[in-house]
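With my numbering applied, the sequence shown covers 18 to 629. Where a beta carbon is used, it is the ideal one built from N, C-alpha and C, also for glycine.
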Amino acid sequence: MCGIVGYFGKRKASEILVDGLRRLEYRGYDSAGVACLHDGSIAVVKNPGKIKELRQKVSDTATLTMTESRMGIGHTRWATHGPPTEKNAHPHLDASGHFAMVHNGIIENYKDIRKGLASEGIECISDTDSEVLVQLISFLYKDNLEDAVSEALQKIKGTYGIVVMSDHEPGKLVVARCGSPIVIGLGKNETVIASDASAIIPHTRDAVYLEDYDMAVITEDGMEMCNLQRAPVSREVTEMDWDTGAAEKGEYEHFMLKEMFEQPQSIRNAIRGRLDYDMGTAVLSGLDFSARDAAQINRVLVVGCGTSMHAGMVGEYAIEEMAGVNAEVEQAAEFRYRNPLITPNDLVVAISQSGETADTLAAVREAKQKGAIVAGLCNVVGSTIARETGRGVYLHAGPEIGVASTKAFTCQVSVMLMMALKIARTRRMPRHDGIEFARWIQKLPDLVERVLAQNKAIKAVAQKYAKADNAFFIGRGYLFPVALEGALKLKEISYVHAEGYHAAELKHGPIALLEECTPVIALLNNIPGKDKTLGNAEECKARKAPVIAVVSEGDEGSADGFDDMIVIPDCPPAIAPVPTVVALQLLSYHIAAARGCEIDQPRNLAKSVTVE
Ligand code: G6P
Numbered sequence: 018m019c020g021i022v023g024y025f026g027k028r029k030a031s032e033i034l035v036d037g038l039r040r041l042e043y044r045g046y047d048s049a050g051v052a053c054l055h056d057g058s059i060a061v062v063k064n065p066g067k068i069k070e071l072r073q074k075v076s077d078t079a080t081l082t083m084t085e086s087r088m089g090i091g092h093t094r095w096a097t098h099g100p101p102t103e104k105n106a107h108p109h110l111d112a113s114g115h116f117a118m119v120h121n122g123i124i125e126n127y128k129d130i131r132k133g134l135a136s137e138g139i140e141c142i143s144d145t146d147s148e149v150l151v152q153l154i155s156f157l158y159k160d161n162l163e164d165a166v167s168e169a170l171q172k173i174k175g176t177y178g179i180v181v182m183s184d185h186e187p188g189k190l191v192v193a194r195c196g197s198p199i200v201i202g203l204g205k206n207e208t209v210i211a212s213d214a215s216a217i218i219p220h221t222r223d224a225v226y227l228e229d230y231d232m233a234v235i236t237e238d239g240m241e242m243c244n245l246q247r248a249p250v251s252r253e254v255t256e257m258d259w260d261t262g263a264a265e266k267g268e269y270e271h272f273m274l275k276e277m278f279e280q281p282q283s284i285r286n287a288i289r290g291r292l293d294y295d296m297g298t299a300v301l302s303g304l305d306f307s308a309r310d311a312a313q314i315n316r317v318l319v320v321g322c323g324t325s326m327h328a329g330m331v332g333e334y335a336i337e338e339m340a341g342v343n344a345e346v347e348q349a350a351e352f353r354y355r356n357p358l359i360t361p362n363d364l365v366v367a368i369s370q371s372g373e374t375a376d377t378l379a380a381v382r383e384a385k386q387k388g389a390i391v392a393g394l395c396n397v398v399g400s401t402i403a404r405e406t407g408r409g410v411y412l413h414a415g416p417e418i419g420v421a422s423t424k425a426f427t428c429q430v431s432v433m434l435m436m437a438l439k440i441a442r443t444r445r446m447p448r449h450d451g452i453e454f455a456r457w458i459q460k461l462p463d464l465v466e467r468v469l470a471q472n473k474a475i476k477a478v479a480q481k482y483a484k485a486d487n488a489f490f491i492g493r494g495y496l497f498p499v500a501l502e503g504a505l506k507l508k509e510i511s512y513v514h515a516e517g518y519h520a521a522e523l524k525h526g527p528i529a530l531l532e533e534c535t536p537v538i539a540l541l542n543n544i545p546g547k548d549k550t551l552g553n554a555e556e557c558k559a560r561k562a563p564v565i566a567v568v569s570e571g572d573e574g575s576a577d578g579f580d581d582m583i584v585i586p587d588c589p590p591a592i593a594p595v596p597t598v599v600a601l602q603l604l605s606y607h608i609a610a611a612r613g614c615e616i617d618q619p620r621n622l623a624k625s626v627t628v629e
């Protein structure tokens, strides 16, 4: 979603801002802009469209303010209020042109504020909710920018991450946060502000994460922090550990392709040091509960959105099957509003790659408020969910830039399997079964490697079906969530209408849609229920739909009579989702590539959805 960059230092601000925005592109956006302050004046360049066009426009703007400035702010906008036009792009200026601001989040009472401003003769020109804030700051300004910002923020309802500057006080950036993440990187003689670490890591590793209601004032003398009431606060400086190379595409054509091929390594990182092969259990110290605590857990509720929710579904199956503990998965957005029944022995696990998804965060807060034990499974270190849950397990997948999640999913499933193992071993799972399962988790990178080795063959299958405008993915048991995830991947990056269905459910309606040009991807791996799914695939074939059979190695005969085959290494049911999903990721990728889609930044999508 929207991205923020701010710079204060000794280098050419416009270049650092545009480069930072390029690093935030993956979050999803449809317009962008920068504002620079130099010699008492502000220059703004905005553009609906891609960063490379903005970069061109900035370099064409040869004013001294743009070329000489050593401080400024930038933004990528994912349209919510008003279309992606130049007028609606950030940074927004107040009516006098003396204040510039970038904003992430939503100002819920913007209509009231806009009315109030209009009654004072101040008209907003954009359709956005954001503009009212900079107009309000300007209206409230007397002689101190942070005073005006804190006063204005106390009048708004909603969420914000903002950076503001004014030519009345050149040499000062004011930053604030409530609900939308802000990281401040403290470099040598410079400060880089961003809504996400990837824009900061090329410059410095030392970072301060703002908390809700924090304000930071950045000047030549350094950074001072306070809350909205202007009482001083202090926040720890943490070291960010992602290497910058991980956020570059390297030899790969797309981040998504690179990230799919990174999976053996990212899974290795996710499981490293976390399996005890002697005791046949998992050591997840971040969960911060003893075997005795684990034995008290009455129910596990997993909350998440999109791909993360699908990973949670695999976890649900594993926890129930292996540990005999009641487990459920719920869409995070639903959890918050349906007043769920929670007891103190319920473990609520929030899964989120970004750790910033608004609905998942809201579910975490609801679960905490209701007294559950809450744990986070996040990839982004220091993200809001990771911090607010206080306990949990990091995925260690490294930065995931492609909007369609791949390596985060397989790490999420790997971690969920370890969590299931840990809980199971405090219950009914005997040690030797635990050891065997831990050994299978250890084999995951190798299983994924073997699927990736079939990239060429999967590409050939993809090219055969690339023109189809509809597709179905069917599976059951542990492969049902994989069918959902396979369909989600295909929709996200190729814009093919794809549905993931329980194999048995297809005939309760969707089968009416099958025809010769509607491929069905049937997950026929050797797991309980395979024979029934085989029957369902036959039903599709009988309706002339081409069937791509995904089968286990050694059981290729199950693909007989179907149109195409993808072979997955044979493994236990709980392990199968990981290698199987990798095959479906590759299939989607090659279909999208054949259709000429913009794979890393699909239209309308955002990497991290920070609004409800
Ligand atoms: C967005 C992304 C999805 C992701 C979902 C949840 O919709 O495009 O890829 O699965 O958010 O994100 P999270 O960061 O919470 O895992």
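Each of ALA248, PRO462, LEU496, LEU530 was checked against the Cα of ASP486, and the nearest Cα belongs to LEU530.
Inter-segment contact for the segment 203-218 and the segment 129-139 is absent: fewer than three beta-carbon pairs are separated by less than 8 angstroms. Going by DSSP, ASN286 is part of the alpha helix (DSSP H) stretching over 280-288.
For TYR24, the enclosing beta strand (DSSP E) begins and ends at 20-25. Restricting attention to THR208, CYS19, GLY613, the CA atom closest to the CA of ARG28 is found in THR208. With fewer than 16 other Cβ atoms from the protein chains shown falling within 10 Å of its own Cβ, TYR294 counts as exposed. Counted as a single uninterrupted DSSP element, the alpha helix (DSSP H) harbouring GLN386 occupies residues 375-386. In the three-state scheme derived from DSSP, where H, G and I count as helix and E and B as strand, ARG456 is classed as helix. Annotation for CYS322: no alpha helix (DSSP H) segment contains it, and DSSP assigns it neither H nor E.
With a cutoff of 7 angstroms, THR176 does not count as near the ligand G6P, since its C-beta is closer than that to no heavy atom of the ligand. According to DSSP, residue pairing for LYS424 in a beta bridge does not occur. Non-local C-beta neighbours of ALA312 in its own chain, meaning closer than 8 angstroms and more than five positions away in sequence, comprise THR443, ARG444, ordered along the chain.
At least one heavy atom of the ligand G6P falls within 7 angstroms of the beta-carbon of ALA421.
In the three-state reduction of the DSSP assignment, ASP184 falls in the coil class. Under the three-state reduction of DSSP, ASP310 is assigned to helix.
Relative to the non-hydrogen atoms of the ligand G6P, the Cβ of GLY321 comes within a distance shorter than 7 angstroms of at least one. The continuous alpha helix (DSSP H) containing LYS476 extends over residues 472-482. When the beta-carbon positions are compared, ALA349 and VAL320 come within less than 8 angstroms of each other. Counting the other Cβ atoms within 10 Å of the Cβ of GLU509 gives 16 or more, which makes it buried. In the three-state reduction of the DSSP assignment, PHE272 falls in the helix class.
Taking a C-beta distance under 8 angstroms as the contact criterion, HIS413 and ALA287 qualify as a contact pair.
Counting only the Cα atoms, TRP457 lies some 11 angstroms from GLY297. One alpha carbon belongs to VAL468, the other to GLU417, and they sit about 20 angstroms apart.
Under the criterion of beta carbons closer than 8 angstroms, HIS271 and ASP36 do not qualify as touching, at roughly 20 angstroms. Of the residues LYS549, LEU203, ASP231, the one whose Cα lies closest to the Cα of VAL254 is LEU203. Collapsing the DSSP output to three states places THR208 in a strand. One Cα belongs to GLN370, the other to GLY578, and the distance between them is close to 40 angstroms. With fewer than 16 other Cβ atoms inside 10 Å of its own Cβ, SER307 counts as exposed. Residue state for HIS449 is assigned as helix, using DSSP reduced to three classes.
Where ARG194 is concerned, the enclosing beta strand (DSSP E) starts and stops at 190-195. Relative to the non-hydrogen atoms of the ligand G6P, the Cβ of VAL598 never comes closer than 7 angstroms to any of them. In this structure, the straight-line span from the alpha carbon of VAL250 to that of ALA193 is close to 13 angstroms. Per the coordinates, the alpha-carbon of ILE123 lies some 9 angstroms from the alpha-carbon of THR627. Separation of THR176 and CYS195 (C-alpha to C-alpha, rounded to the nearest whole angstrom) is 5 angstroms.
In the same chain as HIS519, and ignoring 5 residues on each side of it, the C-beta atoms closer than 8 angstroms to its own belong to ILE491, GLY492, ARG493, PHE497, ALA500, in chain order. Of the residues LEU540, VAL225, PRO545, HIS607, the one whose Cα lies closest to the Cα of GLU555 is LEU540.
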